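Enquirer:
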Amino acid sequence: RTPSRVRCGGDPAREGTRPGVSISVPDPSSFGPNGGRIFCFGLGYTSLGLINTLKRAGWHVSGTCRDEARVSSLRAAGVHAHLWRPDDVVRMDADGIDAVLGATHVLNSTPPNADFDRDPVLSDAACTDALR
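What follows is the structure, encoded as structure tokens:
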């Protein structure tokens with residue numbers, strides 16, 4: 001199957017007033033019987049644009065965020081969100097690690113730790129073990 005085309009941005013009511021972007025989204029079934037599965041470290045403003053686009057195309061989407069209320073709202077929206085705050089020693093739960101292990105794609109959209117010299121994903125032994 002060919003990838004679906006998704007239009008992002010622009011105002012459909014005022015076509016031509018603002019450029020939009022068209023991207024190709026791979027068919028999730030092209031990644032095997034479990035489909036396309038993306039895990040995003042850092043479900044924030046920027047990464048949610050991609051995550052929501054993939055979710056609409058049928059992908060299984062999951063990832064981390066730092067706030068319990070945000071975890072709840074993302075789960076209500078169909079995103080399998082997991083609480084993770086590595087700089088506060090709040091480790092990801094077993095379901096989150098399983099989601100990393102089952103992902104066909106991984107996106108790291110986390111800012112550096114507070115001391116700005118370490119990547120939080122690569123500094124977390126459980127995460128790096130799951131990514132191997």
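Residues 1 to 132, numbered by the UniProt record's numbering, are exactly what the sequence shown covers, in order.
Even glycine gets a Cβ: it sits at the ideal position worked out from N, Cα and C.
Please read these numbers as outputs of a predicted model, since none were measured by experiment.
Suppose the cutoff is 8 Å on Cβ atoms and the five residues either side in sequence are ignored; what does the same chain contact list for Arg118 look like?
Expert: So the qualifying residues of the chain are Pro112.
Enquirer: Going by the beta-carbon positions, is the gap between Phe41 and Thr104 smaller than 8 Å?
Expert: Taking 8 Å as the Cβ cut-off, Phe41 and Thr104 do not qualify as a contacting pair.
Enquirer: Using CA atoms only, rank isn't needed, just tell me which of Asp88, Phe39 and Asp124 is closest to His80.
Expert: For His80, the nearest C-alpha among the options comes from Phe39.
Enquirer: If Ser47 and Leu122 are in contact, beta carbons under 8 Å, what's the gap, nearest whole angstrom?
Expert: That belief does not hold up - the Cβ atoms of Ser47 and Leu122 are roughly 17 Å apart, past 8 Å.
Enquirer: Taking 8 Å as the threshold (C-beta atoms), are Leu83 and Val89 in contact?
Expert: Taking 8 Å as the Cβ cut-off, Val89 and Leu83 do not qualify as a contacting pair.
Enquirer: Please report the residue range of the alpha helix (DSSP H) in which Arg56 lies.
Expert: That run of the alpha helix (DSSP H) goes Tyr45 to Arg56.
Enquirer: Between Arg66, Ser24 and Pro28, which lies nearest to Leu43 when the distance is taken from Cα to Cα?
Expert: Measuring from the Cα of Leu43, the nearest candidate turns out to be Arg66.
Enquirer: Is it buried or exposed, Ile23, if we count other Cβ atoms within 10 angstroms and call 16 or more buried?
Expert: Ile23 comes out exposed.
Enquirer: Label Pro33 either buried or exposed according to how many other C-beta atoms from any shown protein chain fall within 10 Å of its C-beta, with 16 as the threshold for buried.
Expert: With fewer than 16 other Cβ atoms within 10 Å, it is exposed.
Enquirer: With C-beta atoms as the reference, is Gly58 less than 8 Å away from Gly35?
Expert: Cβ distance < 8 Å, so Gly58 and Gly35 count as in contact.
Enquirer: Can the beta-carbon of Arg37 be found closer than 8 Å to that of His60?
Expert: Cβ atoms of Arg37 and His60: closer than 8 Å.
Enquirer: Would the beta-carbon of Leu101 fall within 8 Å of that of Ala130?
Expert: Result yes, Cβ atoms of Leu101 and Ala130 sit closer than 8 Å.
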